[in-house]
Each structure stands twice: as C-alpha cells, then as structure tokens.
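Asker:
Residue numbers (the working numbering): 43 to 489.
#1: Would residue 237 pass as a contact of residue 216 if the rule is Cβ separation under 8 Å?
#2: Given residue 195, which residues of its chain have a CB within under 6 Å of its CB, disregarding the five upstream and five downstream residues?
#3: From residue 380 to residue 371, what does the alpha carbon distance come to, in whole angstroms?
#4: Throw me the rounded Cβ distance for the residue 459 and residue 77 pair, which I believe falls under 8 Å.
#5: Quick check on DSSP: helix, strand or coil for residue 390?
#6: Using 10 angstroms around the beta-carbon of residue 116, count the other beta-carbons present and answer buried if the total reaches 16, otherwise exposed.
#7: What span of residues does the beta strand (DSSP E) with residue 278 cover, start to end?
#8: Look at the Cβ atom of residue 292, then the Cβ atom of residue 277, and state whether they are nearer than 8 Å.
#9: So what's residue 259 in DSSP terms, helix, strand or just coil?
#10: Please list the terminal residues of the continuous alpha helix (DSSP H) segment that includes residue 423.
#11: Who are the Cβ neighbours of residue 442 in its own chain at under 7 Å, not counting the five residues just before and after it?
#12: What residues are listed by DSSP as bridge partners for residue 99?
#13: Report yes if the C-beta distance between residue 129 and residue 163 is below 8 Å; otherwise report no.
#14: Can you list, in chain order, the residues of its chain whose CB lies under 6 Å from that of residue 358, leaving out five sequence neighbours each side?
#15: By DSSP, does residue 282 sit in helix, in strand, or in coil?
#16: Given this structure, state the Cα-to-Cα distance separating residue 364 from residue 281, to the nearest angstrom.
#17: For residue 239 and residue 249, I'd like the C-alpha separation in whole angstroms.
#18: In the DSSP assignment, find the unbroken alpha helix (DSSP H) run with residue 174 in it and report its ends.
#19: Measuring CB to CB, does residue 157 end up less than 8 Å from residue 418?
#20: Which term fits residue 440, buried or exposed, when burial requires 16 or more other beta carbons within 10 angstroms of its beta carbon?
#21: Run the CB neighbour count on residue 437, radius 10 Å, all protein chains shown included, and call it buried at 16 or more, exposed below.
#22: In chain order, which continuous runs of the alpha helix (DSSP H) of length 4 or greater are located wholly inside the region 307–347?
#23: Take the Cβ of residue 386 as the centre, count every other Cβ of all protein chains shown within 10 Å, and call the residue buried at 16 or more, exposed below.
#24: Is it right to say residue 268 is buried, meaning 16 or more other beta carbons lie within 10 angstroms of its own, or is it exposed?
#25: Using 10 angstroms around the beta-carbon of residue 404, count the other beta-carbons present and answer buried if the total reaches 16, otherwise exposed.
#26: Using C-beta distances below 8 Å, list every residue in its chain close to residue 448, excluding the 5 sequence neighbours before and after it, in chain order.
#27: What are the residues that DSSP puts in a beta bridge with residue 114?
#28: Would you verify that the beta carbon of residue 180 is, or is not, closer than 8 Å to some beta carbon of chain C?
#29: How big is the Cα-Cα spacing for residue 356 and residue 296?
#30: Counting along the chain, where does the alpha helix (DSSP H) carrying residue 216 start and finish?
#31: Using a 10 Å radius around the Cβ and a threshold of 16 neighbouring Cβ atoms, would you call residue 60 buried or exposed?
#32: Under the DSSP definition of a beta bridge, which residues are partnered with residue 133?
#33: What are the partner residues of residue 478, as DSSP defines its beta bridges?
#34: Can you tell me whether residue 102 is buried or exposed? The criterion is at least 16 other CB atoms within 10 Å of its CB, across all chains shown.
#35: Judging by CA-CA distance, which residue of 160, 131, 100, 108 is the nearest neighbour of residue 143?
#36: Pull up the DSSP beta-bridge partners for residue 384, would you.
As structure tokens, this is what we get:
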C-alpha cells in the first residue's frame with residue numbers, strides 16, 4: 043500500500059481505536075484504489091485522503107420514549123453526515139441493537155462511493171439508533187420514531203440531508219418519522235425523506251429497487267461473459283426487503299432460488315422457491331413479523347438452525363443480510379462448490395479475507411457499493427419526483443433503475459484493470475466512485 047494511504051489508516055486507528063468496522067471499510071477502499079493512485083499522483087494528497095475518511099459532522103443524541111407498560115426507555119441516536127461534495131447528505135437510518143458509531147461511519151463511508159456511482163447528485167450519510175423494533179408494538183415503534191425525530195428534524199431537510207430506511211426501518215417507521223417531521227415543521231416537504239408510502243409522496247418501485255437493481259447488475263456481469271441467469275441456482279441470505287425482491291426478480295428471470303435466511307438460521311428449498319412460497323414469506327416477514335424456522339416447520343421444509351446458506355452448492359451467492367456475514371470459511375465452501383459469482387446485496391457482507399479468496403479463485407465478485415446501489419438510486423428518483431410534484435409509472439421508474447445499474451456496470455468496466463481476462467469489479471467500483479468524489483472535493487478546496 044502507498045505510504046500516504048498507510049499513513050491515513052494508521053492515524054485512523056490511533057484516533058478511533060475501537061472502530062473496527064470503519065477501519066475495515068477504509069482499508070477495503072484503499073487497497074482497491076492503491077494501483078490507480080500510483081499512476082495518478084494528483085489524488086495522493088494526504089489532506090484530501092484525510093478529508094475523505096473524516097465525517098463532516100456527527101450528531102449523537104438521546105432518544106427517550108415510553109413503552110406500553112408506562113416505563114421510560116432511553117436509546118442512543120446518531121446521524122453521521124459524511125460527505126456533501128456532490129450533493130446533499132443521503133443515506134438510510136438503521137434500527138438495530140448493533141448500531142454504534144463504528145458501524146454507522148463504515149456505512150456512511152461506503153455510501154459516499156455508492157451514491158457517487160449512481161450518477162445522481164447525492165452526498166452521503168448514515169444514521170440510526172440502538173433500538174430493536176422486533177417484539178415492539180406498533181404504538182411503541184411510533185413513540186420511539188416520534189421521539190427520535192424530535193431531535194433529528196433539526197439536522198435534515200430536502201436540500202440538506204435526506205434519510206431513508208435500512209435494517210429495522212421499513213414503511214411503518216418511515217411513515218411515523220415523516221409524520222413527526224411534518225408536525226414539528228408545519229411544512230409538507232415530501233423530499234425530506236425517501237422510502238415513503240405511495241399515498242404521501244413515495245415512488246413506485248422503491249420497495250423493489252435494491253433487490254431488482256442487484257439482479258440487473260449481476261445480469262450485466264453474466265452478459266459480459268456471454269452467460270445469463272436462466273437456469274442458475276442461487277443462494278440468498280436474509281429475508282427482508284432486498285432478499286425478497288432479489289428472489290422475485292430471479293424467479294422472473296428463470297433462476298432457481300435455493301435459500302433465504304434470518305437470525306435463526308437458513309431455509310433451504312432443494313427444488314427452489316415457488317412464487318407462492320415467496321408471497322407467503324413476504325406476508326410472514328412484512329406483516330406478521332414471524333420467523334422462518336416456524337414457517338419451514340409448517341411447510342415441511344428444511345431449516346438449518348444457526349447456520350448461513352454458504353455451505354449449499356450454488357452457481358450464484360447473494361449475501362443480503364448484514365456486514366461480515368460471509369467470512370473466509372464461507373468463501374472457501376463456495377469455491378469448493380464451484381460458485382461462479384458472488385454479489386453483495388447488503389453493505390460490506392463479505393469480509394476482506396473472503397473477498398481476497400474469491401478473487402484468487404476467479405469467482406466474479408461485486409461489491410455492494412455497485413451491486414446494491416439500486417435502492418439509493420431510486421431514492422434519488424423519488425426526490426426528483428417530489429420536486430416535480432409528479433409521479434412516474436412503475437415501468438418508467440424500473441427502466442430508469444435498469445439504466446442506472448447498467449451505467450454503474452459500465453463504469454466498473456472502465457476503471458477495472460484487466461486481470462487474467464476477468465473484471466475486477468471491486469477495483470472498478472471503488473476507483474469510479476473515488477474519482478468522482480475526489481474531483482468534486484478538489485474543485486471546492488476539499489470543503
């Protein structure tokens with residue numbers, strides 16, 4: 043690694059010694075752009091690189107709320123406003139017990155390059171709270187969201203910072219958050235948050251966007267090598283929004299989906315999920331908020347408790363759950379089973395060791411900043427529609443989403459070095475995003 047990059051990493055470890063996820067994200071980008079910087083010294087300025095890894099602003103705040111037993115609960119809320127060089131801050135809110143500053147800084151850092159890749163004028167941010175919506179009543183979730191917005195509203199706006207959903211933050215939570223924002227501001231500013239319901243300013247296809255965009259991207263990867271999705275076997279982790287709609291689009295394309303998972307383990311369907319199964323799983327997860335293990339028992343299907351799907355033989359693996367869910371041993375299992383392609387549907391679900399192993403064995407690998415950019419891209423389209431006061435039909439949004447994913451793929455090809463005839467999507471995506479953000483920062487005096 044170039045000395046200037048290593049110096050930034052070393053300083054980061056000293057300044058924020060316990061933020062391991064953030065260190066991992068920065069190291070992944072630095073390794074990917076290292077060769078490019080060797081040949082483009084314009085970008086080797088230490089001040090520029092230090093500015094890239096330091097958030098422009100971090101807000102940390104208390105969230106008091108009352109549970110159904112009348113007891114006051116207190117959670118911690120965050121908003122990491124990472125980079126506004128190419129547009130207003132944009133990024134999701136995550137509600138999960140694992141949320142801390144390291145996780146949110148890694149997510150915001152990743153978002154910087156992901157948003158740049160969409161070709162839309164979007165800066166980067168990430169936020170959330172260490173609140174677990176699982177097991178909470180609708181009234182408890184509503185009271186929590188309203189209390190969180192009592193502080194967050196001061197720091198967001200349609201031209202400043204536009205949150206969206208993430209893990210634990212779906213349509214219900216977005217509705218409660220936006221309703222409280224309106225109440226506090228006495229303004230109808232639909233562009234202040236994305237992922238809204240269609241009844242109050244949301245975009246068609248936003249729910250499907252991340253999962254569909256993931257499949258559009260891997261379709262481009264396969265087409266580049268003269269292959270296609272039809273007949274491919276696919277393992278998916280997760281069973282939330284991204285996993286559900288990735289599975290739906292795969293079924294539309296003639297692929298066979300072998301697995302979904304949740305925190306309890308992995309559902310395995312040897313003959314492949316049917317559309318009927320998928321619809322009942324959507325109902326289970328989105329409405330009943332149930333567990334896959336119970337559903338598998340009811341339908342006499344195989345469930346591997348406390349296991350990930352990566353031991354199952356497949357052509358394509360799509361980690362769509364959470365960070366570092368696919369580790370080195372998982373990568374080795376996929377390699378042994380002749381997996382052809384791994385594409386990230388979540389943020390940093392593959393450990394750095396796993397990525398190195400996959401690439402060493404010529405498994406096509408797509409980083410999440412490229413392959414799961416469809417969600418934020420469609421959020422950008424939602425913002426455009428809010429400004430226009432006119433909402434496009436689903437077919438138009440879907441066509442624009444496909445075009446954006448195709449352009450991201452083309453940018454990856456442009457910046458990828460040729461290695462043994464394969465495409466290094468990790469390098470291509472990181473360099474393409476890095477160049478756009480760095481150019482904007484340089485032009486504006488590093489902000």
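Virtual Cβ for every residue (Gly too), placed ideally from N, Cα, C.
Answerer: Working from what's here:
#1: Along the chain shown, one-based indexing puts residue 237 at 195. Along the chain shown, one-based indexing puts residue 216 at 174. Yes, the Cβ-Cβ distance between residue 237 and residue 216 is below 8 Å.
#2: One-based indexing of the chain shown puts residue 195 at position 153. Answer for residue 195: 223, 226, listed in chain order.
#3: The sequence position of residue 380 within the chain shown is 338, counting from 1. The sequence position of residue 371 within the chain shown is 329, counting from 1. Residue 380 and residue 371: Cα-Cα distance of roughly 14 Å.
#4: Mapped onto the chain shown, residue 459 falls at position 417. Mapped onto the chain shown, residue 77 falls at position 35. At roughly 7 Å, the Cβ-Cβ gap stays under 8 Å, so residue 459 and residue 77 are in contact.
#5: Residue 390 sits at position 348 when you count from the first residue of the chain shown. Correct three-state label for residue 390: coil.
#6: By one-based count along the chain shown, residue 116 stands at place 74. That one is exposed.
#7: For the purposes of this step, residue 278 is taken as the residue at position 236 of the chain shown. That run of the beta strand (DSSP E) goes 275–278.
#8: Position 250 of the chain shown, counted from the start, is the residue given in the question as residue 292. Position 235 of the chain shown, counted from the start, is the residue given in the question as residue 277. No, the pair does not count as a contact, with Cβ atoms beyond the cut-off.
#9: Numbered from its first residue, the chain shown carries residue 259 at position 217. Three-state result, residue 259: helix.
#10: Numbered from 1 along the chain shown, position 381 holds the residue referred to as residue 423. Looking at the DSSP string, the run of the alpha helix (DSSP H) that includes residue 423 is 416–430.
#11: On the chain shown, residue 442 is found 400 positions in, with the first residue counted as 1. Cβ within range, chain order: 423.
#12: Numbered from its first residue, the chain shown carries residue 99 at position 57. 123.
#13: Residue mapping note: residue 129 aligns to position 87 of the chain shown, counting from 1. Residue mapping note: residue 163 aligns to position 121 of the chain shown, counting from 1. Cβ distance < 8 Å, so residue 129 and residue 163 count as in contact.
#14: Locating residue 358 in the chain shown gives position 316, counting from the first residue. Here the set comprises 274, 276, 383.
#15: As a first step, residue 282 is located in the chain shown; it is residue number 240 there, counting from the start. DSSP places residue 282 in the coil class of the three-state scheme, outside both helix and strand.
#16: Position 322 of the chain shown, counted from the start, is the residue given in the question as residue 364. Position 239 of the chain shown, counted from the start, is the residue given in the question as residue 281. Taking the straight line joining both Cα atoms gives about 11 Å.
#17: The residue labelled residue 239 in the question sits at position 197 within the chain shown. The residue labelled residue 249 in the question sits at position 207 within the chain shown. Approximately 9 Å, taken between the alpha carbons.
#18: Counted from its first residue, the chain shown places residue 174 at position 132. Note, residue 174: premise wrong, no alpha helix (DSSP H); not H, not E.
#19: Here residue 157 refers to the residue found at position 115 of the chain shown. Here residue 418 refers to the residue found at position 376 of the chain shown. Their beta carbons are under 8 Å apart, which means residue 157 touches residue 418 by this criterion.
#20: Position 398 of the chain shown, counted from the start, is the residue given in the question as residue 440. Around the C-beta of residue 440, 16 or more other C-beta atoms lie within 10 Å, and the residue is accordingly described as buried.
#21: Sequence index remark: in the chain shown, residue 437 carries index 395 (1-based). A residue is called buried when at least 16 other Cβ atoms come within 10 angstroms of its Cβ; residue 437 does not meet this threshold and is exposed.
#22: 317–325, 334–340
#23: Here the question's residue 386 lines up with position 344 in the chain shown. Taking a 10 Å sphere around the C-beta of residue 386, we find 16 or more other C-beta atoms and assign the residue as buried.
#24: On the chain shown, residue 268 is found 226 positions in, with the first residue counted as 1. Residue 268 is exposed by the Cβ-count criterion.
#25: Translated into positions along the chain shown, residue 404 becomes position 362. So residue 404 counts as exposed.
#26: Your numbering for residue 448 matches position 406 in the chain shown. So the list reads 258, 262, once near-sequence residues are dropped.
#27: Position 72 of the chain shown, counting from 1, holds the residue named residue 114. In DSSP, residue 114 forms a bridge with 108.
#28: Annotation note: the requested chain C is absent from the structure, which comprises a single protein chain.
#29: Translated into positions along the chain shown, residue 356 becomes position 314. Translated into positions along the chain shown, residue 296 becomes position 254. Their Cα atoms are separated by approximately 15 Å.
#30: In the chain shown, the residue the question calls residue 216 occupies position 174. 213–227 is the extent of the alpha helix (DSSP H) around residue 216.
#31: Counting from one through the chain shown, the residue named residue 60 turns up at place 18. Residue 60 should be labelled exposed.
#32: As a working note, residue 133 is residue 91 in the chain shown. Its beta-bridge partners are 205.
#33: Reading the chain shown from its first residue, position 436 is the one you call residue 478. Residue 478 is not bridged to any residue.
#34: Residue mapping note: residue 102 aligns to position 60 of the chain shown, counting from 1. Flag for residue 102 reads exposed.
#35: Residue mapping note: residue 143 aligns to position 101 of the chain shown, counting from 1. The shortest C-alpha separation from residue 143 is found at 100.
#36: By one-based count along the chain shown, residue 384 stands at place 342. In the DSSP output, where bridge partners are listed per residue, residue 384 has 359, 407.
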